[in-house]
Ligand SMILES: Nc1ncnc2c1ncn2[C@@H]1O[C@H](COP(=O)(O)OP(=O)(O)OP(=O)(O)O)[C@@H](O)[C@H]1O
Ligand SMILES: [Mg+2]
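Residue numbers (our numbering): 1 to 224.
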């Protein structure tokens with residue numbers, strides 16, 4: 001489902017963010033991406049979602065070589081992904097409900113379906129009581145959960161989450177992770193970047209460790 005072949009990324013500033021990274025992630029896997037701040041974790045995710053392009057090497061996602069992908073195909077690639085951004089990227093003029101509904105409208109879901117699905121997903125992330133609030137009226141952890149709700153709502157085949165528990169207290173973090181694991185059990189591929197070693201140790205999942213742009217550890221695929 002995701003394949004990196006000798007991928008390197010040097011930003012225009014000269015920063016070597018990733019260096020000769022090769023790995024494969026199969027459909028249905030659950031993978032933790034760990035590493036220090038600045039290690040290259042977000043860059044790795046941004047390459048998968050085609051938000052940035054590699055300096056060298058090949059990336060294959062859903063059987064498509066991203067180097068050869070046309071710009072107009074990118075929205076179709078993104079539709080297969082539920083993305084939780086490290087910086088949330090919520091729309092501040094819209095309510096929590098509409099932020100989530102917006103993702104459904106964007107893919108042409110009918111209003112009757114949206115009306116049922118959004119409350120269901122908000123309940124899943126414990127945010128039903130904030131449906132009418134604006135993102136600026138929420139705590140960091142609440143905004144993060146809106147971002148997660150938006151990623152889940154279209155039932156994507158893969159979820160890419162950059163620090164989805166970074167602003168959430170430990171108990172809720174654990175719950176969010178259990179939610180992701182439940183979604184993974186239904187066949188969704190999940191990639192989670194996290195700083196929290198405790199959380200990683202609580203779940204026996206594949207762990208890929210990045211250090212200064214290189215993969216220094218990979219437990220490999222874990223069957224369960
Ligand atoms: N758009 C950019 N332009 C230039 N350099 C960048 C850009 N984005 C990231 N970098 C640099 O690339 C390196 C890797 O950054 P990246 O965001 O991938 O790290 P990270 O592992 O996600 O860190 P964090 O845990 O702090 O989020 C860092 O040195 C960072 O400063
Ligand atoms: Mg990051």
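Beta carbons: idealized from backbone N, C-alpha and C, even for Gly.
Closest in alpha carbon position to residue 84, among 104, 146 and 197, is 146. When distances are taken from the beta-carbon of residue 188 to the heavy atoms of ligand 1, even the shortest one reaches 8 Å or more.
Set against 8 Å, the gap from the CB of residue 193 to the closest heavy atom of ligand 1 is smaller. No Cβ-Cβ contact shorter than 9 Å links residue 209 with residue 170. Under the 10 Å beta carbon count, residue 149 is surrounded by 16 or more other beta carbons and is classified as buried. C-alpha of residue 50 to C-alpha of residue 190: approximately 17 Å in a straight line. Measuring C-alpha to C-alpha distances from residue 2 to each of 62, 129, 33 and 41 identifies 62 as the nearest. Restricting attention to 151, 100, 108 and 109, the CA atom closest to the CA of residue 130 is found in 100. For residue 86, the closest C-alpha among the options 18, 11, 123 and 44 is that of 44. One alpha carbon belongs to residue 8, the other to residue 186, and they sit about 33 Å apart. Residue 65 is bridged by DSSP to 60.
Per DSSP, residue 185 is one residue of the alpha helix (DSSP H) stretching across 170 to 185. Take the alpha-carbon of residue 68 and the one of residue 223: they are about 32 Å apart. Your pair residue 57 and residue 5 checks out as a contact, with CB atoms roughly 6 Å apart and the cut at 8 Å.
The Cβ-Cβ distance between residue 144 and residue 88 falls below 9 Å.
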